[in-house]
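Novice: Numbering (the UniProt record's numbering), first residue to last: 1 to 450.
Ideal Cβ positions, reconstructed from N, Cα and C, are used throughout, including at glycine.
Let me begin by handing over the structure; questions about it come next.
Written as structure tokens, this is what we have:
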């Protein structure tokens, strides 16, 4: 069962060229942070281009529950009247974050240094995911947490009445953990310091600076050191959300493996901590170009043009690139199946604790569609069959994971036979217009009525 309703089995059929413009939704990471920081500012923050997928809408509901006034003006235009740092009210109801690990972990951080309590839950997938990676550092501020065995949701966080600043070295590369600690540090006195050995997506740092927080980032011998001075008065902002590179990955990769395709994906955020997939695809020989490069809202942006690329080769993806493309490995593995030679992906153990165990989920689905996969705890490899040689014909489990479902829908477009998934319902959490957008380019996606 999908955490968001009755399962929706789907099939993707081999199709002709994908052509046209793919206007993908706003960036999910930036959308979450816009709502949360808007709620912690004093005054009205205006947001344009907000992703209106279920994950972000759940965060909007949560900010209302904590006392902020969040208004949908239509067409991706939203406003948030914030309550200021430390101004959150105690919610009357349980906070349901649906499928969103980003949402729940960032919200936990934002409330953990206020003298309030909140109980969090999610769908079946989210309630299996580990929360100790966030609650452990939040405990250093003085917050307490009580959840299910293994640090899982449902979980109650009791915020610190007298928070203290924290110096925290992130044990595994995780933008969610880093961001939760920084958001908690906003309402702690003094300076909160986060050290990460590997740089992860830096939207929180950029946006905190934009809202007026005193924050510095320094590369040192011990890693990337981020220092935040607590208890600022955050100033409301006008935010234009760039389009999501993680969503752009699907029409881009589909175009690369579908004969005759030429797809333009405009306005994509190319923050260097997020653009690893596109670098990797180019190294494999993809015909992928950046057009109209520019900066919007402090973030680098460009239009991506992806054309059918029949001569792609398997490569070894550098492990240090993992943090900048962690959500894109599932769809990269589909491209790898259509390349010639083996693609090796290392340093990816974080994939084991996403919405699903994404290494296991993709390996299973690739194998039932005729592709050879090898895997270990922190790596996996895909033996490419060459363009047009993926047999297809299998039905894959999505494991309540939107990216797994979309990746196999992309696979079916360039395979010899249709590819199915048992439940495409979770796609709505991050990419609610995926089906009509891909159909508009020429994809043949089918919902299978039960």
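Taking Cβ positions, are residue 410 and residue 250 nearer each other than 8 Å?
Specialist: As a working note, residue 410 is residue 410 in the chain shown. As a working note, residue 250 is residue 250 in the chain shown. It is a contact, given that the beta carbons lie within the stated cut-off.
Novice: Would you kindly check if the distance between the Cβ of residue 348 and the Cβ of residue 371 is under 8 Å?
Specialist: For the purposes of this step, residue 371 is taken as the residue at position 371 of the chain shown. For the purposes of this step, residue 348 is taken as the residue at position 348 of the chain shown. It is not a contact, given that the beta carbons lie outside the stated cut-off.
Novice: Taking C-alpha atoms, which residue in 425, 436, 433 lies nearest to residue 123?
Specialist: Taking the chain shown and counting its residues from 1, one reaches residue 123 at position 123. The shortest Cα separation from residue 123 among 425, 436, 433 belongs to 425.
Novice: Assuming contact is defined by CB atoms lying nearer than 8 Å, are residue 388 and residue 414 in contact in what I supplied?
Specialist: Indexing the chain shown from 1 puts residue 388 at position 388. Indexing the chain shown from 1 puts residue 414 at position 414. The answer is yes: Cβ separation under 8 Å.
Novice: Is it buried or exposed, residue 309, if we count other Cβ atoms within 10 angstroms and call 16 or more buried?
Specialist: Here residue 309 is taken as the residue at index 309 of the chain shown, counted from 1. So residue 309 counts as buried.
Novice: Any idea what DSSP makes of residue 273, helix, strand or coil?
Specialist: Within the chain shown, numbered from 1, the residue matching residue 273 stands at position 273. Three-state DSSP puts residue 273 in coil, outside helix and strand.
Novice: Do you know offhand how far residue 403's Cα is from residue 202's?
Specialist: Translated into the one-based positions of the chain shown, residue 403 becomes position 403. Translated into the one-based positions of the chain shown, residue 202 becomes position 202. Rounded to the nearest angstrom, the two C-alpha atoms are 22 Å apart.
Novice: DSSP three-state label for residue 396, please.
Specialist: Translated into positions along the chain shown, residue 396 becomes position 396. If DSSP states are grouped into helix, strand and coil, residue 396 belongs with the strands.
Novice: For residue 54, is the classification buried or exposed, using 16 other Cβ atoms within 10 angstroms of its Cβ as the cut-off for buried?
Specialist: For the purposes of this step, residue 54 is taken as residue 54 along the chain shown, with counting starting at 1. The residue in question, residue 54, is buried, as its Cβ has 16 or more Cβ neighbours within 10 Å.
Novice: Would you list the residues sitting across from residue 79 in a DSSP beta bridge?
Specialist: Looking up residue 79 in the chain shown gives position 79. Residue 79 is bridged to 46, 71.
Novice: Using the Cα positions of residue 311 and residue 259, report the straight-line distance between them to the nearest angstrom.
Specialist: By 1-based counting over the chain shown, the position of residue 311 is 311. By 1-based counting over the chain shown, the position of residue 259 is 259. Rounded to the nearest angstrom, the two C-alpha atoms are 12 Å apart.
Novice: Output yes or no for whether 8 Å exceeds the beta carbon distance between residue 422 and residue 358.
Specialist: On the chain shown, residue 422 is found 422 positions in, with the first residue counted as 1. On the chain shown, residue 358 is found 358 positions in, with the first residue counted as 1. For residue 422 and residue 358, no; Cβs fall outside 8 Å.
Novice: From residue 195 to residue 223, what distance separates their C-alpha atoms?
Specialist: As a working note, residue 195 is residue 195 in the chain shown. As a working note, residue 223 is residue 223 in the chain shown. Going from the Cα of residue 195 to the Cα of residue 223 covers about 6 Å.
Novice: So, for residue 173: in the same chain, excluding its five sequence neighbours on each side, which residues have a beta-carbon less than 6 Å away from its beta-carbon?
Specialist: Translated into positions along the chain shown, residue 173 becomes position 173. 198, 200, 323, listed in sequence order.
Novice: Could you give the residue range of the alpha helix (DSSP H) that holds residue 329?
Specialist: Position 329 of the chain shown, counting from 1, holds the residue named residue 329. Unbroken alpha helix (DSSP H) run through residue 329: 329-338.
Novice: Buried or exposed for residue 85, going by 16 or more other Cβ atoms inside 10 Å?
Specialist: Taking the chain shown and counting its residues from 1, one reaches residue 85 at position 85. The residue is buried, with at least 16 neighbouring Cβ atoms inside 10 Å.
Novice: Report yes or no: is there a C-beta of chain B within less than 8 Å of the C-beta of residue 15?
Specialist: Checking the listed chains, one finds no chain B in this structure; it contains a single protein chain.
Novice: Nearest CA to the CA of residue 273: which residue from 231, 287, 326, 337?
Specialist: Within the chain shown, residue 273 is the residue found at index 273, counting from 1. That would be 326, whose Cα lies nearest to the Cα of residue 273.
Novice: Would residue 127 be called buried (16 or more neighbouring beta carbons within 10 Å of its own) or exposed?
Specialist: Here residue 127 corresponds to residue number 127 of the chain shown, with the count starting at 1. Answer is buried; the Cβ neighbour count reaches 16.
Novice: Just grab the DSSP bridge partners of residue 307 for me.
Specialist: Taking the chain shown and counting its residues from 1, the one referred to as residue 307 is at position 307. According to DSSP, which records beta bridges pairwise, residue 307 is partnered with 262, 287.
Novice: So what's residue 149 in DSSP terms, helix, strand or just coil?
Specialist: Reading the chain shown from its first residue, position 149 is the one you call residue 149. Note: residue 149 maps to coil in three-state DSSP.
Novice: Can you tell me the Cα-Cα spacing of residue 454 and residue 243, whole angstroms?
Specialist: The question about residue 454 has no answer, for the chain in this structure spans 1 to 450.
Novice: Can you tell me which residues form a DSSP beta bridge with residue 420?
Specialist: Start at 1 with the first residue of the chain shown, and residue 420 comes out as number 420. The partner list for residue 420 (beta bridge, DSSP) reads 11, 395.
Novice: Could you tell me whether the Cβ atoms of residue 13 and residue 444 are closer together than 8 Å?
Specialist: Looking up residue 13 in the chain shown gives position 13. Looking up residue 444 in the chain shown gives position 444. Closer than 8 Å, so yes.
Novice: Terminal residues of the continuous beta strand (DSSP E) containing residue 121?
Specialist: As a working mapping, residue 121 is identified with position 121 in the chain shown. Per DSSP, residue 121 belongs to the beta strand (DSSP E) from 117-121.
Novice: Within this structure, are the beta carbons of residue 89 and residue 66 separated by less than 8 Å?
Specialist: Numbered from 1 along the chain shown, position 89 holds the residue referred to as residue 89. Numbered from 1 along the chain shown, position 66 holds the residue referred to as residue 66. Taking 8 Å as the Cβ cut-off, residue 89 and residue 66 qualify as a contacting pair.
Novice: Distance, Cα to Cα, residue 345 vs residue 19?
Specialist: Against the chain shown, residue 345 aligns to sequence position 345. Against the chain shown, residue 19 aligns to sequence position 19. Their Cα atoms are separated by approximately 30 Å.
Novice: Quick one: is residue 146 buried, meaning 16 or more other Cβ sit within 10 Å of its Cβ, or exposed?
Specialist: Position 146 of the chain shown holds residue 146. It is exposed - the Cβ of residue 146 has fewer than 16 other Cβ atoms within 10 Å.
Novice: Please list, in chain order, all residues of the same chain as residue 396 whose beta carbon is under 6 Å from its beta carbon, the five residues on each side excluded.
Specialist: In the chain shown, residue 396 corresponds to position 396, counting from 1. So the qualifying residues of the chain are 365, 408, 421.
Novice: May I have a chain-ordered list of the alpha helix (DSSP H) segments no shorter than 4 residues that lie completely inside the segment 339-390?
Specialist: With a minimum length of 4 residues, the continuous alpha helix (DSSP H) runs that stay inside the segment 339-390 are 358-368.
Novice: Ignoring anything shorter than 4 residues or poking outside the segment 88-136, list the alpha helix (DSSP H) runs there in chain order.
Specialist: Taking only runs of at least 4 residues, the alpha helix (DSSP H) segments lying wholly in the segment 88-136 are 101-111.
Novice: Is the segment 162-177 touching the segment 103-118 in the sense that three or more CB pairs, one from each, lie closer than 8 Å?
Specialist: Yes, the segment 103-118 touches the segment 162-177.
Novice: Tell me the DSSP bridge mates of residue 313?
Specialist: To locate residue 313, count along the chain shown from 1; it is residue 313. Per DSSP, 340.
Novice: Would you decide whether residue 27 is buried or exposed? Buried here means 16 or more other CB atoms lie within 10 Å of its CB.
Specialist: Along the chain shown, read from residue 1 onward, the residue named residue 27 stands at position 27. Flag for residue 27 reads buried.
Novice: Residue 29: buried (16+ other C-beta within 10 angstroms of its C-beta) or exposed?
Specialist: The count along the chain shown starts at 1 and reaches residue 29 at position 29. Buried is the call here.
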